[in-house]
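Under this note's numbering, read the sequence shown as residues 5 to 633, first letter to last.
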Amino acid sequence: MSQKKTKAKITSPENIKALKKIMSLFFKESKFKFIFIVFLVLFSGFVGILPSIFLKILIDEYIIPMMQMANPSFAPLFKLLSIFGLIYFAGVSATFIYSRMMINISENILKDLRSNLFRHMEFFPISYFDNRSHGDIMSVYTNDISTLQQLMTNTIPGLLSSIVTLVAVIVAMIITSPVLFIVVIVSVIVLLYTLNNVGGKSSEYYFKLQQSLGKQNGFVEETIDGQKVIKVFSHEENIIKDFEKINTELAKNTTLANRYSLFLLPIVFNIGNLQYAFLAIIGGLFAINGSFGITIGTIASYLQLSKVFSGPIRNISQQMNMVASALGGSIRIFDMLDVEKEIDDGFVELISARYDQDNNLVEVLEESEDSFKAWKNTKTGEIKKLRGEIIFDHVSFSYDGKNTVLHDISIHAKPGQKIALVGETGAGKTTITNLLNRFYEIDSGKITYDGIDIKDIKKKDLRSSLGIVLQDINLFTGSINYNLAYGVGKIDQEEIIDSAKKSQAHDFISLLPDGYDTMISGTNLDISQGQAQLLSIARTEIYDPAVLILDEATSSIDSRTEKLVQDSMDQVMKGRTSFVIAHRLSTVKNSDAIIVLSKGRIIERGNHEELLEQKGVYYKLYTGGFEDN
């Protein structure tokens, strides 16, 4: 997430920008509803100051005159009380209505915001996830959204009501006595200065708090995932010390954020008390001397207005910590929404077509059992049958634009060939397959797929023609049927079973309690590692890719299961161009070509027999006891 530092002002550009975006969400959700809410808030705020105005009228025009009458009539007084009673009831009703409406609007906004955030995230480049911990990203969906939810449902309505009441009180004070309002102006200046500076410091530390919380979440997630490694290396005490550092940082930022926010309440309270005292003293002196038209009713009304004036100020100061926290969280949310999506300027797409025996196009199809995948150039209308020929033409690449990790890579995989990539860890094997998927863009050179530059192919269509089986198995919570048909859409059960048989997964699936309807968890599989890998291979078979990538697919399973998985992969690779990354050289002996990589460069290439005859690096790896024969 963004690591930029917020300035120690509640009115800093970052906070103002975030607040504008939050308010724009209300107008986007329902402009007319929000305007109606504002009207109700204005009305409710106006009603809130009526008791103070009513007090002056009651004393000066009713009580004092009635005290001077021998037989006073109470009918006008009852009429006045009835009118104000109805107005108060209308004010309470307005508060109830706008509160209900605000909750509904806020929840709809947050629902859409979460959906937009998730939808937007799904189109982020892979590099975004490489550079951020998953726990920190999750913190945006949980902690940051939660603070924004509190702001929208509780704080903003309260702030609007307080601001409206405050403005109404100020107007009433000016109309009632401009002279006494001078005392109020002084206190307002002091209050605004306090809110901006002390509240701004709170905002700064609440932003740091959100960052620290995301950092801690990422660390905890990483620790939970690596518990076995931690215990094997007896690293518990070290990991506890690392956590304590992060936890101390979080506690420090939380303490400072709350310290500055809690400073506000006693400061505002005491400023309000001083204002009340000065108004009573100065107003009393003016009333005694009859100066500036100030009466007893004026003083009573003004003192009441002073109390009302202090109320919204206190409410605003109490809400400042929530505002600061929400602004810090919303900055992280909007930063994530501002991340640029993957750039895709491709114009060649994948379609289904039928060809005759001479490989001539017969017709373009939506879907058909006897159809073949084909490329269609949307600019020229040209259609070519998908064959699976991959060429890396002098490709160089760096992740950061500075340190080159692949140097002048040239590989030609003909349709249906099996290409093995071998070499030490970090040699660049997986990077090559990542470039084929366009997870990253190359620095120089060219990669073509059936003679088409992959930059011209729409990423969705390019990736849908590629199948990947990884060392780290990614299954999702749901039934086995759901996992096997993942990303395919509608498919017959017979096709699923047929693909499972080809990948040798059918036998163990049939023995499960509910067969293909058996539910599994993506994070806590109830099947073995080998069985999970067979499901992964079956899923790829169902997807029917033209090119297959197998990245260390057997490295995490035992030798007995490896034979079963290897046989399954051999079935799936038939008729498909395949790139195989394997640490066991015995699994790549039958490859059409073996590429030996070292430090991002191709140092040897050839088939198994040719490389053994060269007696180079491959020969040493194969015969040096590091691999099984």
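For every residue, glycine included, the Cβ atom is placed at its ideal position computed from N, Cα and C.
On a Cα-Cα basis, can you pick out the residue from the options that is closest to residue i?
{"i": "Thr146", "options": "Arg336, Gly519, Gln533", "result": "Arg336"}
{"i": "Ile458", "options": "Glu393, Asn274, Val592, Ala330", "result": "Glu393"}
{"i": "Val399", "options": "Gly420, Asp412, Ile387", "result": "Asp412"}
{"i": "Leu390", "options": "Lys406, Tyr280, Val352, Gly89", "result": "Val352"}
{"i": "Lys603", "options": "Glu428, Glu367, Val368", "result": "Glu428"}
{"i": "Ile585", "options": "Lys578, Leu474, Ser532", "result": "Leu474"}
{"i": "Val144", "options": "Ile484, Asp339, Leu439", "result": "Asp339"}
{"i": "Leu470", "options": "Ile286, Lys377, Leu341, Thr151", "result": "Lys377"}
{"i": "Ser48", "options": "Leu466, Tyr102, Lys83, Pro517", "result": "Tyr102"}
{"i": "Lys463", "options": "Ile387, Phe133, Glu445", "result": "Glu445"}
{"i": "Phe443", "options": "Thr408, Pro517, Phe401, Glu367", "result": "Phe401"}
{"i": "Lys245", "options": "Thr227, Asp134, Ala261", "result": "Thr227"}
{"i": "Asp404", "options": "Gly89, Lys505, Ser131", "result": "Ser131"}
{"i": "Leu114", "options": "Gln153, Lys567, Gln535", "result": "Gln153"}
{"i": "Val569", "options": "Ile501, Asp362, Asp116, Ala536", "result": "Ala536"}
{"i": "Gly430", "options": "Gln421, Ser414, Val409, Ile415", "result": "Val409"}
Please classify residue i: does DSSP put it in a helix, a strand, or coil?
{"i": "Lys8", "result": "Only weak support is given to the placement of Lys8: the predicted model assigns it a pLDDT of 46, under 50, and the question is left unresolved by the model."}
{"i": "Glu608", "result": "strand"}
{"i": "Phe82", "result": "helix"}
{"i": "Gly385", "result": "coil"}
{"i": "Asp632", "result": "Unreliable positioning characterises Asp632 in this predicted model, as indicated by a pLDDT of 42, which lies under 50. The coordinate reading is nonetheless provided below. Looking at Asp632 - three-state DSSP - the assignment turns out to be coil, as it is neither helix nor strand."}
{"i": "Tyr453", "result": "strand"}
{"i": "Leu170", "result": "helix"}
{"i": "Ala509", "result": "coil"}
{"i": "Ile320", "result": "helix"}
{"i": "Gly471", "result": "strand"}
{"i": "Ser28", "result": "helix"}
{"i": "Lys422", "result": "strand"}
{"i": "Ala328", "result": "helix"}
{"i": "Tyr626", "result": "helix"}
{"i": "Gly482", "result": "strand"}
In whole angstroms, what is the alpha-carbon distance linking residue i and residue j?
{"i": "Ile607", "j": "Val621", "result": "8 angstroms"}
{"i": "Phe50", "j": "Phe93", "result": "13 angstroms"}
{"i": "Val173", "j": "Arg263", "result": "30 angstroms"}
{"i": "Phe480", "j": "Ser540", "result": "11 angstroms"}
{"i": "Ser503", "j": "Arg588", "result": "26 angstroms"}
{"i": "Leu170", "j": "Ile317", "result": "8 angstroms"}
{"i": "Glu499", "j": "Val492", "result": "11 angstroms"}
{"i": "Ala597", "j": "Thr452", "result": "18 angstroms"}
{"i": "Ser119", "j": "Gly385", "result": "36 angstroms"}
{"i": "Lys380", "j": "Ile456", "result": "11 angstroms"}
{"i": "Asp360", "j": "Asp548", "result": "21 angstroms"}
{"i": "Phe583", "j": "Lys433", "result": "10 angstroms"}
{"i": "Lys32", "j": "Glu556", "result": "49 angstroms"}
{"i": "Phe100", "j": "Thr159", "result": "15 angstroms"}
{"i": "Phe512", "j": "Glu248", "result": "46 angstroms"}
{"i": "Leu81", "j": "Ile87", "result": "10 angstroms"}
{"i": "Leu23", "j": "Ile234", "result": "43 angstroms"}
{"i": "Leu307", "j": "Tyr280", "result": "6 angstroms"}
{"i": "Gly449", "j": "Leu440", "result": "13 angstroms"}
{"i": "Glu617", "j": "Lys406", "result": "37 angstroms"}
{"i": "Leu254", "j": "Phe127", "result": "31 angstroms"}
{"i": "Ser334", "j": "Asp148", "result": "7 angstroms"}
{"i": "Asn135", "j": "Arg580", "result": "34 angstroms"}
{"i": "Glu614", "j": "Leu552", "result": "24 angstroms"}
Within the same chain, show all residues whose beta-carbon is closer than 8 angstroms to that of residue i, passing over the 5 residues directly before and after it, in chain order.
{"i": "Asp140", "result": "Met5, Gly218, Lys219, Asn221, Gly222"}
{"i": "Ile250", "result": "Ser216, Lys219, Gln220, Phe223"}
{"i": "Glu241", "result": "none"}
{"i": "Thr157", "result": "Met106, Ile107, Ser110, Glu111"}
{"i": "Lys383", "result": "Phe351"}
{"i": "Leu309", "result": "Ile53, Ser56, Val173, Ala176, Met177, Thr180"}
{"i": "Val366", "result": "Ala357, Arg358, Tyr359, Asp360"}
What does a CB cutoff of less than 7 angstroms around residue i pick up in its chain, not counting 5 residues either side in sequence?
{"i": "Ser507", "result": "Leu538, Ile541, Ala542, Glu545, Ser572, Gln575, Val576"}
{"i": "Thr258", "result": "Leu213"}
{"i": "Val224", "result": "Gly139"}
{"i": "Leu369", "result": "Ser356, Ala357, Arg358, Ser375"}
Among the residues of its own chain, which have a CB less than 6 angstroms from the CB of residue i, if the five just before and after it don't count?
{"i": "Ser329", "result": "Thr151, Tyr210"}
{"i": "His612", "result": "Lys593"}
{"i": "Ile423", "result": "Ala417, Phe583, Ala597"}
{"i": "Arg605", "result": "His411"}
Any contact of the stretch 96 to 110 with the stretch 153 to 164, i.e. 3+ C-beta pairs under 8 angstroms?
yes
Check whether the stretch 17 to 29 touches the stretch 84 to 102, counting contact only when three or more Cβ pairs, one atom from each stretch, lie closer than 8 angstroms.
no
Between the stretch 327 to 347 and the stretch 37 to 46, do at least 3 Cβ pairs fall closer than 8 angstroms?
no
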